[in-house]
Amino acid sequence: MKKIFTLVAAAMMAVCANAQGTYAVPDDGSTPEDNMVITDVENITVTLGTGFKENKSNTNLPEFVAYTQGNSNAAFGEDGIIPVSGTYYEFKPAVDGSLKVGAVIGNGKEFRAVCDGAYMTPGTDFTLVNKDGETVELAEDNTLAEKFYGYVNFDVKANSTYYLYMKGSKMSFYGFIFSTGGSTGIYDITKDNVDANAPVYNLAGQRVSKEAKGILIQNGKKFINK
Numbered sequence: 002m003k004k005i006f007t008l009v010a011a012a013m014m015a016v017c018a019n020a021q022g023t024y025a026v027p028d029d030g031s032t033p034e035d036n037m038v039i040t041d042v043e044n045i046t047v048t049l050g051t052g053f054k055e056n057k058s059n060t061n062l063p064e065f066v067a068y069t070q071g072n073s074n075a076a077f078g079e080d081g082i083i084p085v086s087g088t089y090y091e092f093k094p095a096v097d098g099s100l101k102v103g104a105v106i107g108n109g110k111e112f113r114a115v116c117d118g119a120y121m122t123p124g125t126d127f128t129l130v131n132k133d134g135e136t137v138e139l140a141e142d143n144t145l146a147e148k149f150y151g152y153v154n155f156d157v158k159a160n161s162t163y164y165l166y167m168k169g170s171k172m173s174f175y176g177f178i179f180s181t182g183g184s185t186g187i188y189d190i191t192k193d194n195v196d197a198n199a200p201v202y203n204l205a206g207q208r209v210s211k212e213a214k215g216i217l218i219q220n221g222k223k224f225i226n227k
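Residues 2 to 227 (the numbering used here) make up the sequence shown, in order.
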């Protein structure tokens, strides 16, 4: 039996969430307020930093419809790790799970993921997967050679605090998918009536055949093809 969970279709998504936890920024060109708090998704609170530009339409990641542009470098407290203003993204889960964060990360600047005041280790604590489904490695100084459009993936623990940001630059934000109940967040539910001829995508947003194996997305829903 196929296991699927509801994922709101990108063509219909504005600011919205479902039981499994999906959030996308609005596609109406609005600009987020400073320290905007997102509570649409159950069991997680997300806070944006300060200094953003208007949202721009998305043409890269199929799960999301737009992205919010950063417009102010992150500033830090005495430890130099926890941001206090500028472009950053704070995640506070109430339960264990995993996050898939859509992001635009510039090249040549230090990218950081932080958990409870300590830097997370690239490739171990989190991974970067670009829009083509390729895993991208950070250099030793935590920089990227090319501009990145894709996903920051990492597991989260209840009541911990996580930050994503760039030092000396601005990271843009598409939204996030928060999964609970394991690393995939896949649950047994009844399949709805769907268009059998709708295109099929993998988790990296690449269009694939219906015979492809693994976790796929069709009609805005995820399922496993074994």
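Built from N, CA and C at the ideal position, the CB exists for glycine as well.
Residues of its chain near residue i, where Cβ-Cβ distance is below 8 angstroms and the 5 sequence neighbours each way are ignored
i	result
residue 80	118
residue 72	52, 53, 54, 88, 171
residue 138	123, 124, 129
residue 203	134, 209, 213, 215, 216, 217, 218
residue 136	128, 129, 130
residue 194	Caution applies to residue 194, whose pLDDT of 42 falls short of 50 and renders its modelled position unreliable; the model cannot decide the point.
Candidates the options, of which the one nearest residue i by Cα
i	options	result
residue 110	46, 86, 45, 142	142
residue 35	131, 128, 41, 47	47
residue 74	215, 165, 176, 213	165
residue 180	147, 44, 148, 99	99
residue 57	30, 178, 203, 159	30
residue 44	160, 173, 176	160
residue 176	77, 91, 76	91
Residue range of the unbroken beta strand (DSSP E) whose run includes residue i
i	result
residue 127	First-last for residue 127: undefined, no H or E at that position.
residue 156	149 to 157
residue 55	53 to 58
Cut-off 6 angstroms between Cβ atoms - residues of its own chain near residue i, not counting five sequence neighbours on either side
i	result
residue 150	61, 105, 132
residue 168	111
residue 219	199, 201
residue 18	Caution applies to residue 18, whose pLDDT of 38 falls short of 50 and renders its modelled position unreliable; the model cannot decide the point.
residue 158	97
residue 77	84
Bridge partners - residue i, DSSP secondary structure assignment
i	result
residue 96	BP columns for residue 96 are empty, so no partner.
residue 176	25, 103
residue 119	116
residue 91	48, 164
residue 217	203, 224
residue 111	168
residue 65	According to DSSP, which records beta bridges pairwise, residue 65 is partnered with nothing at all.
residue 84	77
residue 1	As shown, the chain starts at 2 and ends at 227. That puts residue 1 outside it, with no answer to give.
residue 209	201
residue 71	53
residue 181	98
Beta-carbon contacts of residue i that lie in its chain and below 7 angstroms, excluding the five residues immediately before and after
i	result
residue 226	213, 214, 215, 217
residue 153	102, 104, 114, 127, 129, 165
residue 38	46, 48
residue 33	49, 53, 69
residue 178	22, 23, 64, 101
residue 107	148, 167, 170
Checklist entry - Can at least three beta-carbon pairs, one atom from the stretch 85 to 101 and one from the stretch 119 to 126, be found at a separation below 8 angstroms? => result Not touching, per the Cβ criterion.
Next on the checklist: Assess contact between the stretch 142 to 153 and the stretch 71 to 89, defined as three or more Cβ pairs (one per stretch) separated by less than 8 angstroms. Is contact present?
Outcome noted: In this structure the stretch 142 to 153 does not touch the stretch 71 to 89; the number of beta carbon pairs closer than 8 angstroms is below three.
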